[in-house]
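One structure is given here, and the rest of the page talks about it.
There are 2 protein chains.
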Amino acid sequence: MPKIVDHTARRQAIVEAYLALVAEKGIGATSSRSLAAQLGISNSLLWRYFSDMNQLLVQSYHTIIQNVDDRIMFAIAGRRGLDAIRRMVHELLPLDHVSRAEAKVVVSFWGLEVTKGTRLSQTTHELEAWSSVLETLLDQAADGGEISSSDRLALHDAAFTVMALTNSAQIEYATQDDDASAERTERIIDRMLSTL
Amino acid sequence: MPKIVDHTARRQAIVEAYLALVAEKGIGATSSRSLAAQLGISNSLLWRYFSDMNQLLVQSYHTIIQNVDDRIMFAIAGRRGLDAIRRMVHELLPLDHVSRAEAKVVVSFWGLEVTKGTRLSQTTHELEAWSSVLETLLDQAADGGEISSSDRLALHDAAFTVMALTNSAQIEYATQDDDASAERTERIIDRMLSTL
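This is the structure we're talking about:
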């Protein structure tokens, strides 16, 4: 059993090194060769943990979703309503070094999944969970008198729209390398929340 | 010179056949082999027109952007305000056989572009052009009294949000094969327009 644990831990270490390298060098410059060099291992040892770069990408995607989820839970802990929503949105947008590298890997993963024509991940669950969290926080904002709308449908639409805006910001940043795109999206979400 | 024209026309015919095959069989099942078979040509002849599947994907993306732009201009010709916006949104969403195949190819292209780490297309222009068209139509809607807001910033935000919702619907459909996602997005955009 220790061997299996070790294998899982090493796979995870490889994923973390991959994400760090993408943040540092860019996704296009992060080859299996440069990753192995970074880890101080041979290319062939790397392939004992992953069958190919695609499998590494899938695992990286899962790690990102988990990391973002952890960051969101930490950011909104003990907070309510609009304050919590703004902090959550901040974690979902590609606003810093880490989350920009994540956006690159996420969009790369989406493309791979679509190109292969098979579901490589079952992460719909997390994305829907985030949308539900947003709805709950919007409910709190309505209860607390922070927003005037308390119509269920309007709050559902608002949560859906915030998730769409963060998805689109990831594409915009990932495909165009425009550092300002996420900040623009954050301002637009902020203004949207103030009109609810 | 006729030879060059012929080469361009043949490349375009290959792209159209590729898009038709993606619509029919799915993107995962559309290999260069099946495309060559569909065209009644050999695999090696196919590679005289495209250096690889990635080049075909880039050309397909350009064709899609052009086709969508043509459909939008046709759909909104002679129309104004909210009527024109609704027709434009209808063309941007993966609501039918053709636009669903387009969503698959578009998301596949985004992933390729990000994975390669180089700009493969300069289509920011078209996406910004569509956002501008939306803003103009929102202005018309405000002038015509269809919407009460005439605040420039609010209309800009609304145009940006509509584009984000259509981008996100493409990802949602392409990665999850959920036929209902685009209809849901269309309803949400419709309700958003009615609250402006």
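Line by line, the protein sequences give chains A and B. Residues in the first sequence are numbered from 1 upward in steps of one, following my numbering. Residues in the second sequence are numbered from 197 upward in steps of one, following my numbering. Every residue, glycine too, gets a C-beta built ideally from N, C-alpha and C. If you're wondering where the values come from, they're calculated on a predicted model, not measured in any experiment.
Taking one beta carbon from each stretch, the stretch 90 to 98 of chain A and the stretch 49 to 58 of chain A have fewer than 3 pairs nearer than 8 Å; the two do not touch. Against chain B, the beta carbon of ALA164(A) has neighbours under 7 Å at ALA360, LEU361 and SER364, listed in chain order.
With respect to the 8 Å criterion, LEU165(A) and THR185(A) are classified as neighbours on the basis of their beta carbons.
Here the C-alpha atom of TYR214(B) lies approximately 40 Å from the C-alpha atom of HIS90(A). Shown here for VAL358(B): same chain residues with a beta carbon closer than 7 Å to its own, the five before and five after excluded, namely VAL285, LEU330 and ILE385 in chain order. Listed in chain order, the positions of the stretch 105 to 130 of chain A with a beta carbon within less than 7 Å of a beta carbon of chain B are VAL107, SER108, TRP110, GLY111, LEU112, GLU113, VAL114, THR115, LYS116, GLY117, THR118 and THR124.
For ASP157(A), the nearest beta carbon of chain B is closer than 8 Å to its own beta carbon. In terms of Cα proximity to ALA354(B), the closest of THR311(B), MET388(B) and LEU316(B) is MET388(B). In this model, SER390(B) and LEU57(A) are separated by some 41 Å (Cα to Cα). At least 8 Å separates the CB of MET284(B) from every CB of chain A.
Residues of chain A with a Cβ closer than 8 Å to the Cβ of GLY277(B) do not exist; the shortest Cβ-Cβ separation is about 21 Å. Just so you know, the alpha carbons of ALA29(A) and SER44(A) end up roughly 19 Å apart. The DSSP-derived three-state label of TRP47(A) is coil. Listed in chain order, the positions of the stretch 133 to 153 of chain A with a beta carbon within less than 8 Å of a beta carbon of chain B are LEU153.
The beta carbons of SER181(A) and ASN363(B) sit no closer together than 8 Å. Annotation: the stretch 266 to 339 of chain B contains the following complete segments of the alpha helix (DSSP H) (minimum length 4 residues), in chain order: 277 to 288, 293 to 312 and 320 to 339. The three-state reading of DSSP puts SER390(B) in helix, counting H, G and I together. 8 Å or more divides the Cβ of VAL105(A) from the Cβ of TYR173(A). Comparing alpha carbon positions, the residue from ILE14(A), ILE85(A), TRP110(A) and LEU120(A) closest to THR136(A) is ILE85(A). Taking 8 Å as the upper bound on Cβ-Cβ separation, chain B lies near no residue of the stretch 62 to 80 of chain A.
For ASP157(A), the uninterrupted alpha helix (DSSP H) segment begins and ends at 152 to 176. From the beta-carbon of GLY28(A), the residues of chain B found nearer than 9 Å are VAL310, THR311, LYS312, GLY313 and THR314. Annotation: ILE343(B) to HIS352(B) spans about 14 Å, alpha carbon to alpha carbon. Non-local beta-carbon contacts of ARG267(B) in its own chain, meaning distances under 6 Å to residues more than five positions away in sequence, involve GLU287 in chain order. Rounded to the nearest whole angstrom, the CA to CA distance from ALA129(A) to ILE171(A) is 21 Å. ALA216(B) does not reach chain A, its nearest Cβ partner there being about 16 Å away, counting only Cβ pairs nearer than 9 Å. Taking a Cβ-Cβ cut-off of 7 Å, the neighbours of ARG191(A) in chain B comprise ASP353, given in sequence order. Among the residues facing chain A, PHE356(B) is included, as its CB has a counterpart in that chain under 8 Å away.
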